[in-house]
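Everything below concerns the one structure shown next.
Residue numbers (this note's numbering): 58 to 439.
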């Protein structure tokens with residue numbers, strides 16, 4: 058019989074030994090699987106805006122879109138603490154001890170997020186705290202006696218005084234283009250009947266207040282300077298939109314990116330608003346401002362305020378305060394302004410019903426809350 062070569066036997070023994078018992082080799086594919094690092098999990102993208110909004114109840118979101126006149130620190134603390142409104146307004150009717158006496162700290166402490174403290178301080182005849190910070194000339198006198206740079210420097214001083222009182226937003230400058238007599242509705246509140254002059258002085262004001270850290274608000278969109286009537290007394294009619302585009306709207310066009318908010322007036326505008334629907338509650342006016350293309354401006358992504366909805370017959374002769382607030386927010390305003398706290402609960406009740414019925418979009422409410430936060434300087438980042 059033929060013998061198997063020793064070499065071959067050795068090879069066979071080696072193969073058998075390598076495939077049996079505790080010496081079983083790890084397959085190359087298995088070895089790779091045990092040493093290869095596990096794929097990293099895809100990080101979850103956080104929605105910072107949603108996280109910011111989540112701190113509010115639906116009613117508190119709506120309350121963030123209201124700025125209401127207060128009579129005293131006690132009045133303010135009550136409405137802020139109870140309803141979490143987004144802003145208070147200091148008017149001629151407000152007890153100035155709230156400012157001069159340092160009582161604002163307690164009011165602000167009642168707010169879940171920083172409270173907006175607003176005032177109408179233009180200088181001239183529209184001055185709410187001249188007894189606390191001194192007088193300032195009207196816009197018309199300012200333009201006649203100061204350069205824009207001198208006005209900038211004077212505004213820095215005045216802005217610091219307002220900030221020291223606790224004010225965060227001034228409803229100024231008035232950018233109406235007007236040649237009315239001084240004591241008319243706008244009159245000397247306007248820098249000039251020349252849109253270029255209005256723009257230069259308004260720009261100086263906005264730059265100075267921004268440097269100090271105060272918010273500014275251009276008013277009264279789309280232009281009150283050539284209108285007939287006083288919105289405090291009744292309906293106000295402006296020239297047709299085609300005329301406003303070449304004059305009254307020019308300061309807005311040139312300053313739309315300045316960081317200032319915009320206040321919409323109670324103005325009937327031929328060629329823009331529908332009959333009996335003033336600008337402050339008109340979707341067409343809000344769209345004109347937001348889109349910008351209708352008057353040659355860039356789109357506006359900032360805050361839109363209404364003028365006072367409770368103290369002007371241009372609105373009150375047409376609807377009550379709850380309907381007016383709902384109409385303004387539905388039209389596209391971000392913040393509804395009026396001058397007393399008595400109707401806040403009624404207004405919020407109606408706004409909640411409007412959201413529930415779909416008349417006021419919850420997505421629109423969220424967008425306005427976020428705009429207001431940005432305007433106040435509140436970070437919504439995670």
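Here a beta-carbon is modelled for each residue, glycine too, at the ideal position from N, C-alpha and C.
Computed from a prediction, not measured in an experiment: that's the story for all the values here.
If you draw a straight line from the Cα of residue 233 to the Cα of residue 103, it is about 43 Å long. Non-local beta-carbon contacts of residue 302 in its own chain, meaning distances under 6 Å to residues more than five positions away in sequence, involve 352 in chain order. The criterion of a C-beta distance shorter than 8 Å is not satisfied by residue 230 and residue 265. Each residue's CA atom was taken as its position, placing residue 404 and residue 382 some 7 Å apart. Setting aside the 5 residues that flank it on each side, residue 205 is surrounded in the same chain by 257, 258, 261, each with a C-beta closer than 6 Å to its C-beta; the list follows chain order. Residue 426 and residue 110 have their C-alpha atoms some 8 Å from each other.
With respect to residue 156, residue 147 sits close: the two C-beta atoms are nearer than 8 Å. In this structure, residue 309 sits away from residue 360, with a CB-CB distance that is not shorter than 8 Å. Beta-bridge pairing by DSSP links residue 275 to 319. In this structure, residue 321 lies away from residue 365, with their beta-carbon atoms at least 8 Å apart. At the C-beta level, residue 249 and residue 200 come within 8 Å of one another. One alpha carbon belongs to residue 335, the other to residue 101, and they sit about 46 Å apart. Looking at the DSSP output, residue 362 sits in a beta bridge with 320, 392.
Straight across, the Cα-Cα distance linking residue 267 with residue 192 is about 21 Å. In terms of Cα proximity to residue 115, the closest of 252, 420, 222, 430 is 420. Spatial neighbours of residue 367 in its own chain (CB-CB distance under 7 Å, excluding positions within 5 residues in sequence) are listed in chain order as 373, 378, 395, 396, 397. Within the DSSP secondary-structure output, residue 199 pairs in no beta bridge.
Within its own chain, the residues whose Cβ lies closer than 6 Å to the Cβ of residue 105, once the five positions on either side in sequence are excluded, are 437, 438, 439, listed in chain order. Excluding five sequence positions before and after residue 218, the CB atoms of its chain that fall closer than 7 Å to its own CB belong to 190, given in chain order.
Excluding sequence positions up to five before and after residue 390, its CB lies within less than 6 Å of the CB of 361, 363, all in the same chain and listed in chain order. For residue 118, the closest C-alpha among the options 132, 169, 130 is that of 169. In the DSSP assignment, residue 172 falls outside any alpha helix (DSSP H) and carries neither an H nor an E.
The DSSP-derived three-state label of residue 126 is strand.
Contact check for residue 299 against residue 338 fails: the beta carbons are separated by 8 Å or more. Under the DSSP definition of a beta bridge, residue 294 partners with 285, 325. With 16 or more other Cβ atoms inside 10 Å of its own Cβ, residue 126 counts as buried. The closest CA to that of residue 130, considering only 289, 154, 223, is found on 154. Looking at the DSSP output, residue 145 sits in a beta bridge with 125, 174.
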